[in-house]
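First to last, the sequence lines map onto chains R and Z. In this text, residue positions in the first sequence follow the numbering used here: the first is 24, and each later residue adds one. In this text, residue positions in the second sequence follow the numbering used here: the first is 19, and each later residue adds one.
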Amino acid sequence: MGYVAPLAVDGMSRQPGTSEATETRGTSVGRGATISVEGVTKTFRLARGDDLVVFSNLTLDIAAGSFVAILGLSGCGKSTLLRLLAGLDAPDNGRVALGDGMTQGRPRVGLMLQQYPSLPWLTVGQNIGLALASRNSARTKRQVRERVPYYLSRVGLWGWQHAYPRELSGGMLQRLALARTLAMEPEILLLDEPLGALDALTRRDLQQLIRDLHAAEPRTFVMVTHDVDEALAVADRLIVLGPPGTGVLYDSATTALRLDREELVRLLQGTRVTFAAGTWSGYAPVHAAAIAHGVPGYDLWLGMSDQERCAALRAGRAAGAFFTLPALVGVLNELADLDPVIIHVFSHPGASTSCEHMLVRPHARTGDAWRWALPRGGLEEAIVQRIDGEAFPDRVVWYPDRAECVLALGREEADACITDVTFAQQLLPWWRRWRLRWLPLPDTVWPDLWCVLVVPRRRLTAEPEALRHALLALTRDASAAAVHTAGHVQYPDASRSMARLRDGTLAAAFARWGGGRLPVESILSERCRG
Amino acid sequence: MKTITFGLGGFLLVLLLWGGGAVYVRMIRTDLPPATLERLYPLPHQVVAAAAELPWLEVLHQAWLSTCRVLLGFCAAAVVALPLGCGIGRLRAVAEGLEPVNDFLRYLPVAGFSSLTIFLFGTGDIGAVLVVFLGTVFHLVVATADAVRRVPTAYVDLGRTMAYGAVHRLRRIILPAAAPTVFDNLRIAVGWAWSYVTLAEIMGIQGGLGHAIEVSRRYIRTDQVLLWITIIGLLGLLSDQVMRALGRRWFRWAT
């Protein structure tokens, strides 16, 4: 039962010779239909005028009679995919083909939704009857009446045919929806989070029921869910969808890699973290450019365990990989011979280090495929290049080390530096003393994450070295370049430094500061004790 | 029991305000003789007395006349508005073509039209029916279109996956789903219909309860005017209750 050995259970092992079986069954139900999605692109126009690319060049084959679970967090396009399969939406590009092409016409598709599972103005029996009648207009009313109890008993709702949906419990409603979908006698069943709103016990019952239904008459089942356990419990084949535009991250049928529950959860969490970090707004242009230059774009594996990602990089299966900052420190030695380079840093306002992701590409010297995507210096340098010289102070600088940026201001090498909002917030206690002010960046891709920190000339007379120490104490999420150059640097964890910010140690220290030498000792001793 | 007590209390309060107001006005208006004042500002008991002397066969006749006009105008409006509303609600082309016009017409004052209809169609039934029709049809179109639009997409999708055609989908899914809201709007429209029929009859249509109001006013029978108004109010309430009961009976699932 369930997800044992995807390659073996999945339809790939079932030979496409099952049509005889279909004939011999003698019923109108076949063994399901194949689904093939070829190069499908789907874009939604957002309210503010941008396009959200949900799928770009998505290709997927689902064998007849298989049970596929599509996993993904909300917003990744699961439901959109189902709507495409159901024929409710048309793709912008590409083709969605159902059936093997030998049978006449489009296979019947049943769609079951979590919300509005049934028509409330009809009784349970009428709901099923409606589905039955739809399937074949030649059926007489009497035939419909005779078939209704059959489907009711299949889902355990026998005796409820005269009840109205509002008189049923949540679990019974889903049973009704299942019966209604079955009554359409579809060759493909599409289940859109069918058990999302149910309690654990009912859910388990229904999972068993769905499983049994599939076993009894193996139609093609495609179920969308965000619940790893549910997917593992019911499906033969798992597909994990990444955030919009990335497509399939993992497909148990096309890769030899087996993920257990923990790894699947981690994979999903990886998509969540990168979502939350606003990473994908930064990732999308890189990705688009990669495709434009013929580089395999989205085998940038994310969410896998760090070892797996290392292995993927080493084997050349991925053009790049995402690492969190602490993880990168851990594996940098291991990757040393690959000559990796950090090409992109994703940061998040108010984020801890765990939210910070880096895109690492191996063999930096041998290929410059990514150089056009972003300047070597990463996001900040890209921003510097885009800045309108007239609207901003003359000398805007960026250094890999953010503290170094501020120090450059102090040395009067620059009029302004680029920083992210987090760092600007961490400098808050010093704003008045240094007369910092910040300007939002004009029309950049990441306006919410980045700003220009402007320091008026004068002040910052403190000892550069002491200032540097203090800044380092503040910037736990130190810049990517620092990690790159010194892989063994121990980074204090973010929560502790945030706590120090909150409990006022720093504020107090700086309040006592008279503008001369910074009270570095007191800060550092706090750090040691912490 | 409690609600009945409170309801009666409300009625008593209205009667008290009325009586008190009438007595007060009679006291302060010294420019008219007492007999005239009594006619102009009747007390509740005078209205009851007027009710007693009213020729009830005549009342029934007038009420029947008004009811027929309401029903005819209202049904005509429903017959026109429901398909139109469905079209606007479901088909973009129809919506783009008709909605601006309808929105414009909706804000034209029906009271202004009523004098025009009398001028054009005479003082017969046609004018009254037309006023009722004009008064309700545009609002019904908007309300129906809105109700049809608000049918959850999931229901429509359900129909589409069942491979129903557009006509079937409309009949089996969209109309039943929108029906309770549409019916509710019809119920409200009946209330308007009563207002508009009275208006038309006061403006000069012959016969009907509104006309009776106008006649009584001409003879300075304020007590009778109040009586007619009460009768119209009761008829409106009755029609509303009938519609409500029907709605509850037919659309039990929506409550």
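Glycine residues also receive a C-beta, built at the ideal position from the N, C-alpha and C atoms.
Residue i (DSSP reduced to helix, strand or coil)
i                 : result
Arg118 of chain R : strand
Ser59 of chain R  : strand
Ile85 of chain R  : strand
Gly183 of chain Z : coil
Gly226 of chain Z : coil
Tyr174 of chain R : helix
Arg239 of chain Z : coil
Thr66 of chain R  : strand
Ala92 of chain R  : strand
Ala439 of chain R : strand
Tyr125 of chain Z : coil
Arg260 of chain R : strand
Leu152 of chain Z : helix
Gly110 of chain R : coil
Option in the options with minimal Cα separation from residue i
i                 : options                                : result
Ala86 of chain R  : R:Asp438, R:Lys101, R:Phe244           : R:Phe244
Glu56 of chain Z  : Z:Ala40, Z:Val174, Z:Leu109, Z:Ala68   : Z:Ala40
Leu229 of chain R : R:His249, R:Ala200, R:Ile211           : R:Ala200
Ala68 of chain Z  : Z:Gly265, Z:Asp258, Z:Arg262, Z:Val243 : Z:Val243
Arg190 of chain Z : Z:Asn203, Z:Leu176, Z:Asp202           : Z:Leu176
Ala163 of chain Z : Z:Leu204, Z:Val128, Z:Ile144, Z:Trp246 : Z:Leu204
Ala238 of chain R : R:His249, R:Gly95, R:Val257, R:Val247  : R:Val257
Ile250 of chain Z : Z:Arg267, Z:Gly107, Z:Val215           : Z:Val215
Ala276 of chain R : R:Ser89, R:Gly110, R:Glu61, R:Thr64    : R:Ser89
Leu188 of chain Z : Z:Pro198, Z:Ile231, Z:Tyr173           : Z:Tyr173
Ile211 of chain R : R:Ala109, R:Val288, R:Gln330           : R:Ala109
Ser141 of chain R : Z:Gln80, Z:Gln64, Z:Pro194             : Z:Pro194
Pro73 of chain Z  : Z:Gly38, Z:Leu134, Z:Leu116, Z:Leu245  : Z:Leu245
Ala92 of chain R  : R:Leu291, R:Glu357, R:Glu436, R:Leu255 : R:Leu255
C-alpha distance - residue i paired with residue j, whole-angstrom precision
i                 : j                 : result
Leu33 of chain Z  : Asp241 of chain Z : 14 angstroms
Gly117 of chain R : Asn80 of chain R  : 7 angstroms
Asp121 of chain Z : Gly179 of chain R : 51 angstroms
Ala161 of chain Z : Cys104 of chain Z : 10 angstroms
Gly222 of chain Z : Val233 of chain Z : 10 angstroms
Tyr321 of chain R : Asp252 of chain R : With a pLDDT of 36 at Tyr321 of chain R, under the threshold of 50, the modelled position of that residue is not reliable, and no figure is offered here.
Ala165 of chain Z : Arg270 of chain Z : 17 angstroms
Ile262 of chain R : Met180 of chain Z : 27 angstroms
Arg525 of chain R : Thr225 of chain R : Confidence is the limiting factor: at Arg525 of chain R the pLDDT is only 41, short of 50, which leaves the residue's position unreliable, though a coordinate-based value still follows. Whole-angstrom Cα-Cα distance: 45 angstroms.
Arg234 of chain R : Gln259 of chain Z : 51 angstroms
Leu134 of chain R : Phe139 of chain Z : 56 angstroms
Gly152 of chain R : Val208 of chain Z : 36 angstroms
Glu286 of chain R : Gln149 of chain R : 44 angstroms
Leu152 of chain Z : Tyr125 of chain Z : 11 angstroms
Gly226 of chain Z : Phe137 of chain Z : 18 angstroms
Arg165 of chain R : Leu256 of chain Z : 42 angstroms
Glu208 of chain R : Val169 of chain Z : 26 angstroms
Ala111 of chain Z : Val159 of chain Z : 16 angstroms
Val150 of chain Z : Phe92 of chain Z  : 7 angstroms
Arg167 of chain Z : Arg108 of chain Z : 7 angstroms
Thr204 of chain R : Gly182 of chain R : 19 angstroms
Leu214 of chain R : Val132 of chain R : 11 angstroms
Gln330 of chain R : Leu264 of chain R : 21 angstroms
Residue i burial status per 10 Å Cβ neighbour count (16 or more: buried)
i                 : result
His185 of chain R : exposed
His229 of chain Z : buried
Val200 of chain Z : buried
Tyr59 of chain Z  : buried
Ser97 of chain R  : exposed
Asp259 of chain R : buried
Gly130 of chain Z : exposed
Glu219 of chain Z : buried
Gly142 of chain Z : exposed
Gln197 of chain R : buried
Phe29 of chain Z  : exposed
Ala313 of chain R : Since pLDDT at Ala313 of chain R reaches only 46, below the 50 mark, its modelled position is unreliable, and the value read off the structure follows with that caveat. Its Cβ being crowded by 16 or more others within 10 Å, Ala313 of chain R is buried.
Gly62 of chain R  : exposed
Lys101 of chain R : buried
Arg266 of chain Z : exposed
Ser84 of chain Z  : buried
- Hey, which unbroken runs of the beta strand (DSSP E) at 3 residues or more fall wholly within the region 181-239 of chain R? The qualifying runs are 211-215.
- Message: To test your reading of the DSSP string, which unbroken alpha helix (DSSP H) runs of 4 or more residues are found completely within the region 43-74 of chain Z?
- Response: Scanning the region 43-74 of chain Z from its first residue to its last, the whole alpha helix (DSSP H) runs of 4-plus residues come out as 52-58, 62-71.
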